[in-house]
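Mapping of the sequence shown onto my numbering: position 504 corresponds to residue 486, and the numbering continues sequentially without gaps.
By construction, the Cβ of each residue, glycine as well, lies at the ideal position given by its N, Cα and C atoms.
So the structure is just underneath, and the comments pick up after that.
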Amino acid sequence: MKKGLLSVVFGLFCLLAHAQSITIKGSVKSSTGESIIGANIVLLGTYDGASSDLDGQFSFSTEEKGKRVLQITYIGFDTLSMPLDLNGQNLEFNLKLKETVNELNAVTIVAGVFEASDTKKSVVLKSVDIALTAGAVADITGAMLTLPGTVRNQESGQLLVRGGSAYETRTLIDGLYVQNAYNSTTGNLPARNRFSPFMFKGMMFSSGGYSAEYGQALSSALILNSSDVATQNTTGIQLLSVGGGLSQQKSWGKSSLSASGTYSNLSPYFKLIKQNFEWKQAPESGNVELNFKTKTSSTGIFKFYATGLSNGFNMNVAVDGDEKQKMPLKLSGENLYLNTSYRDVVFKDWALFVGSAYTWNRDKIRQNFELNTLQQSAQTRFTLTKSYSEAVKLKFGAEHIWSVFDENYTSGETFKTLHKDNYLATFAEADLKFSGKWLARVGVRAEHSSLLGRGNVAPRLSTAYILGKGEQLAFSFGQFYQTPEHAQMRRSTAVGFEQADHYILTYQKQVEGYVFRVEGYYKNYHKLLKTTAELPQNTGYGYARGIDLFWRDSKSIKNGDYYVSYSFLDTERNYRDFPVQAMPYFAAKHNFAVVYKHWIHELNTMLSTTYAFQSGRPYNDPNSSVFNGSRTPIFQDLSVTLSYITNFKDNFTVIYLAANNVPGFRQVSGYRFPSSPNAEGYFQGSPILPPAKRFIFLGLIMTIGEKFVKNQGNNDDI
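What follows is the structure, given as structure tokens:
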């Protein structure tokens, strides 16, 4: 259950040891000495870059090292490429661009200031943001829940976005589908994302309106882009309050290989911290990972990633909502995930991506029944991208996903569900610059499912307009389809895709050290699955609308960084077994979070705090005549994380302490009710609580061969 905690070691402390930022800044002018506004400056092969401002100035930070290429582009001028040797020192350049002969000059502001794409519509967090967000304990999903548009669902731990349930959010690694993004668990026991944030150089959370390149998600996409070839040899040792692990990374210049293994057992921890659950066998898990990357050419890279996880537990749970009657509940889960990809430039100016992924996941649940579920999927995917000019870029591609859902439920007799699907999709998308201030992305996606025997065509549109320096207005529209959940199609697969239409309007202002964004949205759900008839039907419907606010300030407080997010959500549905249209149990009208991080030089310590507030969520009280008309108490959480950096026998060492819900707020996520009333005709409910009032995590992690230099940390690290 806490496997993800162990990955803190292999990432966080190597990150603090090695990933010190440098600043690259300067000016961009024409050959006549005029400042160039909106030139695109980027460190090739990375997410790092900027655009020149009204005075032609630019500045950005990077954690890259070694030989890199700085590229400067601007319409009407020749592209300038400069080789760099990044050795930890800040760099400053005064650059001059040469005008292209016979090409019309035009004012344009390109990527880095705005782009009608997922990366600019979404909030981007680095690995260090994930690791140091208090309350998340290095869980990717936990950190995303501090961003606007999300709803906390503490009994599941999964990502819910803008009125959508957990299955409506798709996770992708290097553009490839992750079938089971969370570790195996059961109801009212929160899961964690399977993957360490330190695997990725970019994490983009799109809360809606994402591009035609992706599908099969009614609400949102969590897009994770893995890191490139590692440049250092490291050995990691972790000793934690819930387990331990080892890691080894080897670099050969153009290639790197890393391997790690972790083990966790919460039994000793549960003996120290009182639990709300009756554990017979505390959660236990083991995980191994293998990661290989190699540069095949100056522009090409091949990546291979494999991970295997086994976890399980045994506990007593209430019978039919009666806390006085208990029965054993045993879970065991195994997961294997493989991901391989290749990127390169072909035919001189086409960017090619080819990838494949495979998932095998088996869950076994034993109670007064037996439930065995086996899921498999295999995906192949390719994309081709070409920039015809500064004004036109085309991308197209296709993917195929083979999947199997094999479930056996035994309670006296056995009920079997077997679903096999061949899902085929193709897409095309064009980026069009109409002027220096106006950009649009137009796309279309076509899909077909052999399981449903249906297909669809989904248009997508995003456009953005510059209002002023660092200020933009953007609009997105798209149709999104998704195959219904297998559990809802046990009686019949003679149904169609579920559908959601997104309308999003965004205002954003971003200047150095500050970001402000307000976003309004409307989602129209139709063709949702209803299960109240003899067979499931696509007669369900609903809506979600709201406003999201986000403010981030990394400049006002020395060595400090904070952000504030607020979401207002109004949503209702009539789907599944709902008798009427109502707000679903996983939604909350008001969501608020404040995250603050601070580097304390004198103590060599990173401090992070998070306060989260959420209004009550709906639940159905059988004593009330109004379906889902009752509300849980408000949710509050105040969490703290401390990372103290030191040396142990000249080896870089970090002591990491995380504490969630420090004040001990009572967090109720719903209520259980028995199937029949008591003698007075009243259904006596019992609250659904987390496993414990607080969670405390302590770890000591050492990187052998590295040494901490006092006061090497700075504000860029957080």
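What is the residue span of the alpha helix (DSSP H) that residue i lies within?
{"i": "Ile122", "result": "Ile122 to Met126"}
{"i": "Lys285", "result": "Counting along the chain, Lys285 falls outside any alpha helix (DSSP H), though it belongs to the beta strand (DSSP E) covering Ile283 to Val301."}
{"i": "Pro250", "result": "Ser249 to Leu254"}
Do residue j and residue i come within 8 Å of each other at the CB atom, strictly closer than that value?
{"i": "Val576", "j": "Tyr544", "result": "yes"}
{"i": "Ile23", "j": "Gly15", "result": "no"}
{"i": "Thr365", "j": "Phe329", "result": "no"}
{"i": "Thr591", "j": "Val622", "result": "yes"}
{"i": "Gly667", "j": "Arg363", "result": "no"}
{"i": "Phe498", "j": "Gly528", "result": "no"}
{"i": "Gly290", "j": "Leu318", "result": "yes"}
{"i": "Tyr287", "j": "Ser208", "result": "yes"}
{"i": "Ser242", "j": "Ser233", "result": "no"}
{"i": "Ile4", "j": "Gly48", "result": "no"}
{"i": "Val426", "j": "Ala446", "result": "no"}
{"i": "Leu712", "j": "Arg473", "result": "This structure does not reach residue 712, given that the chain is present from -17 up to 700, and the question cannot be answered."}
{"i": "Leu154", "j": "Ala203", "result": "yes"}
{"i": "Lys768", "j": "Ser33", "result": "This structure leaves residue 768 out entirely; the chain is present only between -17 and 700."}
{"i": "Lys312", "j": "Val211", "result": "no"}
{"i": "Pro179", "j": "Met185", "result": "yes"}
{"i": "Gln361", "j": "Ile383", "result": "yes"}
{"i": "Phe259", "j": "Met309", "result": "no"}
{"i": "Asp326", "j": "Gly268", "result": "no"}
{"i": "Phe679", "j": "Ser223", "result": "yes"}
Figure out for me which residue from the options has the closest Cα to the Cα of residue i.
{"i": "Thr213", "options": "Gly145, Ile670, Leu142 and Lys275", "result": "Lys275"}
{"i": "Gln481", "options": "Glu453, Gln461 and Leu77", "result": "Gln461"}
{"i": "Val51", "options": "Gln161, Leu531, Leu66 and Tyr507", "result": "Leu66"}
{"i": "Pro669", "options": "Asn660, Ala300 and Leu585", "result": "Ala300"}
{"i": "Tyr601", "options": "Ala113, Asn135 and Ser41", "result": "Asn135"}
{"i": "Val608", "options": "Phe560, Leu272 and Gln618", "result": "Phe560"}
{"i": "Gly435", "options": "Leu455, Thr475 and Phe252", "result": "Thr475"}
{"i": "Lys375", "options": "Thr322, Lys285 and Ala410", "result": "Ala410"}
{"i": "Gly495", "options": "Glu516, Gly452 and His382", "result": "Gly452"}
{"i": "Leu129", "options": "Leu141, Ser3, Ala120 and Asp413", "result": "Leu141"}
{"i": "His484", "options": "Arg472, Leu443 and Lys509", "result": "Leu443"}
{"i": "Leu620", "options": "Ile19, Ala118 and Thr44", "result": "Ala118"}
{"i": "Ser63", "options": "Phe40, Ser33, Gly418 and Leu25", "result": "Leu25"}
{"i": "Phe634", "options": "Phe416, Gly218, Asn520 and His430", "result": "Gly218"}
{"i": "His468", "options": "Asp530, Ser417 and Asp403", "result": "Asp403"}
{"i": "Pro705", "options": "Gln257, Phe187 and Gly542", "result": "It is not possible to answer for residue 705, since the shown part of the chain is limited to -17 through 700."}
{"i": "Pro466", "options": "Tyr251, Gln490, Lys509 and Gln53", "result": "Lys509"}
{"i": "Lys579", "options": "Asp35, Val10, Leu114 and Ile19", "result": "Leu114"}
{"i": "Trp533", "options": "Thr521, Val546 and Asn350", "result": "Val546"}
Around the C-beta of residue i, are 16 or more other C-beta atoms found within 10 angstroms, so that it is buried, or is it exposed?
{"i": "Asn642", "result": "buried"}
{"i": "Val160", "result": "buried"}
{"i": "Asn175", "result": "buried"}
{"i": "Lys505", "result": "buried"}
{"i": "Arg648", "result": "exposed"}
{"i": "Ile683", "result": "buried"}
{"i": "Gln725", "result": "Coverage of the chain is limited to positions -17 through 700, which leaves residue 725 absent and any answer about it impossible."}
{"i": "Ala570", "result": "buried"}
{"i": "Gly124", "result": "buried"}
{"i": "Asn215", "result": "exposed"}
{"i": "Ile486", "result": "buried"}
{"i": "Asn660", "result": "exposed"}
{"i": "Tyr664", "result": "exposed"}
What span of residues does the beta strand (DSSP E) with residue i cover, start to end?
{"i": "Ser431", "result": "Trp420 to Ser431"}
{"i": "Lys78", "result": "Leu73 to Leu79"}
{"i": "Lys262", "result": "Glu260 to Lys277"}
{"i": "Ile6", "result": "Ile4 to Ser12"}
{"i": "Tyr447", "result": "Arg436 to Gly450"}
{"i": "Asp552", "result": "Gly542 to Asn556"}
{"i": "Ser607", "result": "Note, Ser607: premise wrong, no beta strand (DSSP E); not H, not E."}
{"i": "Phe574", "result": "His572 to Ile582"}
{"i": "Ile637", "result": "Asn633 to Asn642"}
{"i": "Val622", "result": "Phe617 to Phe630"}
{"i": "Trp533", "result": "Gln519 to Asp535"}
{"i": "Met588", "result": "Thr587 to Gln596"}
{"i": "Ser657", "result": "Premise fails: Ser657 is in no beta strand (DSSP E) and is neither H nor E."}
{"i": "Ile670", "result": "Ser668 to Ile670"}
| field | Secondary structure, beta strand (DSSP E): runs of 3+ residues fully inside the segment 454 to 513 | value | 480 to 493 and 496 to 512
| Whole beta strand (DSSP E) elements within the segment 124 to 186, 3-residue minimum | 151 to 155
| query | Mind pulling the beta strand (DSSP E) runs of 3 or more residues that sit fully within the segment 345 to 432? | reply | 352 to 369, 374 to 393, 395 to 417 and 420 to 431
| Contiguous alpha helix (DSSP H) assignments of at least 4 residues, all confined to the segment 23 to 62 | none
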